[in-house]
Amino acid sequence: MTLLRHYLALATLLIALPLSAGTPKKPTKAKAKPQVTAKTPQAHLEDARQLYRAYRINEAMDQIAEAMAAAKGKRFDDETMAMYRELHGQINRAAVMSDRADRQVLLDSIVVPKADWLKHLAAYEPGLQPMQEPLPGEAQMPSVSYRDALERNQLLPSGQSLVWHSKVGGAWEPQPLSTRALDEEQPLVCPILLEDGTTLLFGREGAKGIGGYDLYISRLRDGGGAFLEPTLLGMPYNSPYNDYLLSWHESEGWGTLVSDRFCGPDSVHIYRFAQKPSFLSGQTKAEPREETAGEEFDFARASLSGLPISKDRAAVASPSRPSQKASSELHFVVQGDRIYRHWSDFRSPEAMKRYKAAQEANQRLTERRKQLEELRRSWSASAEDSTQRRELSVQIRQLETQLETAAAELEAQYQTVRRLEGAH
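Numbering that gives the first Met the number 0 applies: residue 0 is where the sequence shown begins, and numbers increase by one.
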């Protein structure tokens, strides 16, 4: 029995061994790690563009750096290099602008279809006149000319520059101004002449801005015969989007901005604001940033998005019609945005006296210009080689010379008035 128990125990052990130790385990397969595809420089640049359009400028700059790192020392292809240079320039310029953005006060803010933007602006900007040509590029908006409230000057976009017309004897005549400083490869759009008669605001799409159409300022030189080199405006007037038009009405204390920021491709945002832009008031530094201000404040200040509509809108005069503006006693640009509209604005009695004399001379000059136009019409109607035409030619040349001299003398009279009023 003892031997039998021994054999039975041994058999039991032999049966158990293959189940516990004798059978080798199958090797466990290691789980494959998901492969991470490295982002291309182009993908980083596209991310930078989207961050930039959201005004997340620091993050956009980081993506620009990531694009360089992703290239691993290799040169970008031509398309990527062009994208890099464009974004790098735009973002760097915008970074400076965002720190110096004007703090604006919004009066109105409305999104309207691009096709109807002039209709919505008619009450505020009656000087805008639609043209047959659309704005260049993909703007899908009609181009505009501008006529000032007193019906004295008209600005017409013309290719890369503009043509300035002034009313002479009831007719619009082009002025002999040099616009060479305004010439660029891209067309000039939406010109606005401010009330001082010398400051020009306009839009242009180009590589020197911060994205899309950008807004610029230029002024006439002291002599009035040429424009100064244009200057790119800062934020919140310019943005990473298309900024088409900007105006400022000094006499009423409000301005208009037209931009397609934060709206669909077929719409534009029309803002009306009440704070005089720093570039017109002579300020060189932005208003100090509030210590408690955060990212939301900075974003609203630079972009106008989320900026509350002022509760003091009633304090700002409602837009006047041209007839109301024209009813002022006078319109005399002394210097810059210093404009006299009433006789009580004069500080010097002598200056007022000389201004009245200059105005009388101006009226006589206008009448003589009408005579010149009549002589020219008579000359055109006369027969060729006739005695009448020869006599008219002599009269026209004499009158043209006299008018040129009279115009120079009149300008000297106005300059004397300005000096007496303290202009320099």
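Glycine included, every Cβ here is placed at the ideal spot set by N, Cα and C.
Meets three-Cβ-pair contact criterion under 8 Å: the stretch 236-245 and the stretch 193-207: yes
Which listed residue (Ala114, Gly223, Tyr212, Tyr339) has its alpha carbon closest to that of Asp411: Position check: residue 411 holds Ala in this sequence, whereas Asp was assumed. That would be Gly223, whose Cα lies nearest to the Cα of Ala411.
Close beta carbons around Ile63, own chain, < 8 Å, minus the five adjacent residues each side: His43, Leu44, Ala47, Tyr83, Leu86, His87, Ile90
Nearest-angstrom Cβ-Cβ length linking Arg346 and Glu249, presumed shorter than 8 Å: Not confirmed; about 19 Å, so no contact.
For Met60, the three-state DSSP class (helix, strand or coil): helix
CB-CB length for Ala121 against Ile209, believed under 8 Å: Rounded, the Cβ-Cβ distance is 30 Å, inconsistent with contact.
Those runs of the beta strand (DSSP E) which lie wholly inside the stretch 145-189 and span at least 3 residues: 152-157, 160-167, 170-173
Arg218 versus Ser280 - alpha carbon distance: 14 Å
Three-way DSSP call (helix, strand, coil) for His119 in this model: helix
Inter-residue spacing [alpha-carbon to alpha-carbon] between Gly158 and Cys262: 28 Å
Cβ-based burial, Gly305 [other Cβ within 10 Å; buried from 16]: exposed
Identity of the residues DSSP links to Trp247 by a beta bridge: Gly254
Residues sharing a beta bridge with Gly202, DSSP: Val188, Leu214
Under the three-state DSSP convention, the category Glu373 falls into: helix
Three-way DSSP call (helix, strand, coil) for Phe226 in this model: strand
Candidates Pro229, Ala301, Leu149, Ile308, of which the one nearest Asp182 by Cα: Pro229
Sequence-distant residues of its chain with Cβ nearer than 7 Å to Glu132 (five each side left out): Ser142
For Ile338, the first and last residue of its enclosing beta strand (DSSP E): 337-339
Pro40 in three-state terms, based on DSSP: helix
For Gln207, the nearest candidate out of Glu184, Leu227, Ile191 (CA to CA): Reading off the sequence shown, one finds Lys at residue 207, where the question assumed Gln. Minimum Cα distance to Lys207 is reached at Glu184.
Leu409 in three-state terms, based on DSSP: helix
Three-state class that DSSP yields for Ile395 in the structure shown: helix
Straight-line Cα distance separating Arg271 from Tyr145: 18 Å
Coarse secondary structure for Gln103, derived from DSSP in three states: coil
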